[in-house]
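Everything below concerns the one structure shown next.
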Amino acid sequence: GRWALVIHGGAGVIERGAMTPEREAEYRDAMNAALVRGEAVLDQGGSALDAIEAVIHGMEDDPLFNAGRGAVFTAAGRNELDASIMDGASLEAGAVAGVTQVRHPISLARAVMDNSRHVMLQGEGAETFAREQELEIVPPAYFFTERRWAAMERSLGALGLPIPSRPDGAPAPTGVDHGELDRDAREHRFG
Amino acid sequence: TVGVVALDRAGNIAAGTSTGGTTAKRWGRVGDSPIIGAGTYANNASCGVSATGTGEYFIRLTVASRICALVEFQGLDLQAASDQVIGDELTAMGGDGGIVALTPGGEIAWSFNTPGMYRARLSEGGEPVVAIY
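Those sequence lines, one after another, are chains V and G. Its first residue numbered 205, the first sequence is counted upward by one per residue in this note's numbering. Its first residue numbered 2, the second sequence is counted upward by one per residue in this note's numbering.
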């Protein structure tokens, strides 16, 4: 058989002409890189599950995307990450919700599928399981990006809600492109 | 949100999705991304799907498994099934977002009712396609 791969990096009000050429090029490069990671696995005869992990690892590490590093902030000023994976051959599945310290939530979802009796783990228990599975644990500030923090401040301000303190370990505040925040507000209304 | 559906040379499909959720969300809100059948689904008998969008609507419609059910039980081709669920049913409910999908035969589809979706596809021996709008 022949392998194939299809990827998304989020949907929303992404307006032609509203994004800078530089930012559009960054997204296109990142999507191309994601294809290359998947191709590297599948072309060597690797499994679809391994390809999923390889592709998503890079996207979870890329601040461009709302996943892993680059995730948006909750109203409490935290990054809470969700992920899931499913194997079409066996109908086995794994999922995690609300994790805050696991670098690659997709790998935790796969560990839930492969190494537990369960389908979904959430919060603190999911992170305990991640430690037991010896997955990479990072401090919550690892996920901090100024762009997402500023977007959260803007959203909370519009709702009249209090702004939480910056997370421990977050870098010193830096300037943000407010035009970019306007675009983000339209584009990343949802996850 | 990011997501992938892959078909390997053994004919197996897998799907995965990962997200940070929604900006300034409260109360421990969880969307569709970690919900099997809503944001992620894979079945070698039909297709694999990964979704992105307003999660509450994707959960209520069980979007990912619904597309695969239309392929498996009603014989729709993947693009038609995807467009029915996203373009007709999701839109009629007031939900927005999109999906990427893949069948064991290598048929690829994407469908979205938003102005854009970051997306890419590649089949063995083919040319990569990357699109935004």
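The C-beta atom is built at its ideal place from N, Cα and C for all residues, glycine as well.
query: Rounded distance between the beta-carbons of G/Met94 and G/Tyr58, thought under 8 angstroms; result: 5 angstroms
query: Segments assigned beta strand (DSSP E), at least 3 residues, entirely inside the stretch 309 to 374 of chain V; result: 324 to 326
query: Three or more C-beta pairs below 8 angstroms linking the stretch 291 to 299 of chain V and the stretch 43 to 58 of chain G; result: yes
query: Under the three-state DSSP convention, the category V/Leu396 falls into; result: Shown here, chain V extends from 205 to 395; a query on residue 396 of chain V therefore has no answer.
query: Beta-bridge pairing of G/Val50 - partner residues as DSSP gives them; result: G/Tyr42 and G/Ala102
query: Range of the contiguous alpha helix (DSSP H) that encloses G/Tyr134; result: No alpha helix (DSSP H) holds G/Tyr134; DSSP gives it neither H nor E.
query: Inter-residue spacing [alpha-carbon to alpha-carbon] between V/Val217 and V/Glu384; result: 13 angstroms
query: V/Ile260 classed as buried or exposed, judged by whether at least 16 other C-beta atoms fall within 10 angstroms; result: buried
query: C-alpha gap between V/Arg358 and V/Ile367, whole angstroms; result: 9 angstroms
query: Alpha-carbon to alpha-carbon, V/Ala376 and G/Gly88; result: 44 angstroms
query: Closer than 8 angstroms to chain G by CB, V/Tyr346; result: no
query: Environment of V/Gly214 [buried if 16+ CB atoms lie within 10 Å]; result: buried
query: Alpha-carbon spacing of G/Ala16 relative to V/Val210, whole angstroms; result: 10 angstroms
query: Boundaries (first-last residue) of the beta strand (DSSP E) holding V/Leu209; result: Ala208 to Gly216
query: Neighbourhood of V/Ala354 by C-beta, 7 angstroms cutoff - its chain only, sequence neighbours within 5 removed; result: Val380 and Leu385
query: In DSSP terms, what V/Arg273 is bridged to; result: According to DSSP, which records beta bridges pairwise, V/Arg273 is partnered with nothing at all.
query: Three-way DSSP call (helix, strand, coil) for G/Ser66 in this model; result: helix
query: Inter-residue CB distance, V/Leu365 and V/Ala279 (contact presumed, cutoff 8 angstroms); result: 6 angstroms
query: Chain-ordered neighbours of V/Leu295 on chain G, where CB pairs are closer than 7 angstroms; result: Asn44
query: Nearest-angstrom Cβ-Cβ length linking G/Leu1 and G/Gln85, presumed shorter than 8 angstroms; result: The structure shown does not extend to residue 1 of chain G, since chain G is modelled only from 2 through 134, so no value can be given for it.
query: Proximal residues of chain V, C-beta to C-beta of G/Gly40 below 7 angstroms; result: Ser288
query: Cut-off 6 angstroms between Cβ atoms - residues of its own chain near V/Arg352, not counting five sequence neighbours on either side; result: Val276 and Phe277
query: Inside the stretch 8 to 41 of chain G only - beta strand (DSSP E) runs reaching at least 3 residues; result: 14 to 20
query: Below-8 angstroms beta-carbon distance, G/Thr20 vs any chain V residue; result: yes
query: Sheet register partners of G/Ile109 (DSSP bridge); result: G/Leu103
query: Under 7 angstroms from the C-beta of G/Val72: neighbouring residues of chain V; result: Result: empty, since nearest Cβ-Cβ is about 12 angstroms, beyond 7 angstroms.
query: Contact with chain V by G/Arg122, beta-carbon distance below 8 angstroms; result: yes
query: G/Ile36 to V/Ala334 span [Cα, whole Å]; result: 19 angstroms
query: Inter-residue Cα distance where the pair is G/Pro129 and V/Met263; result: 18 angstroms
query: Limits of the unbroken alpha helix (DSSP H) element including V/Gly242; result: Pro225 to Leu246
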